[in-house]
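For the sequence shown, the working numbering begins at 848 and goes up steadily by one. Reviewing the structure listed below.
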Amino acid sequence: MAERGDDEAKVEKTRTKYLRSPLVLVVASASGGSVNETEENKYAVAAGIQNLLLMAEAQQLAALWGSPAKGANDSITQFCKMESSDHVLGIIYVGLPAKSAPAVERPTANITYLD
């Protein structure tokens with residue numbers, strides 16, 4: 848981020864963000880033997896992340912799926928001792944909720960059934 852000229856305050860906030868959570872998971876997918884296999888790996892890992900978020904909610908934990916900073920994949924995989932060909936799909940922050948939040952109102956789903 849700093850190399851791209853991003854605002855120094857934003858860079859510093861990103862550098863220390865992981866300190867605000869008692870558990871941080873860096874989740875990546877491995878490259879496959881083909882473009883299709885690599886894409887399938889990404890989708891499978893994303894589904895796994897979603898299941899992890901559902902599990903955290905079921906255990907009354909707070910969890911947030913964060914995206915890595917643009918252009919940071921190589922730095923993250925190196926820091927986490929992953930393969931250089933791995934693709935970081937998310938940084939998952941897990942902890943106890945600070946407070947209970949009210950449910951967000953959502954519009955009624957507009958569903959069209961096809962016969």
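Built from N, CA and C at the ideal position, the CB exists for glycine as well. Predicted model, so just to flag it, every value in this text is computed and none were measured.
Fewer than three beta-carbon pairs drawn from the region 899-912 and the region 923-935 are found closer than 8 Å, and the two stretches are therefore not classed as touching.
With a threshold of 16 other beta carbon atoms within 10 Å, Tyr890 falls short and is exposed. The shortest CA-to-CA distance from Ser881 to any of Ala903, Gly895, Ser932 and Val873 is the one to Ser932. For Tyr960, there is no enclosing alpha helix (DSSP H), as DSSP gives it neither H nor E. Residue pairing by DSSP places Ile938 opposite Val873 and Gly913 in a beta bridge.
Beyond the five residues adjoining it in sequence on each side, Val873 comes within less than 7 Å, by CB distance, of Ile923, Cys927, Val935 and Ile938 in the same chain, given in chain order.
Sequence-distant partners of Pro869 (beyond 5 residues in either direction) whose C-beta falls short of 6 Å from its own C-beta, in its chain, are Gly942.
In the three-state reduction of the DSSP assignment, Lys928 falls in the coil class.
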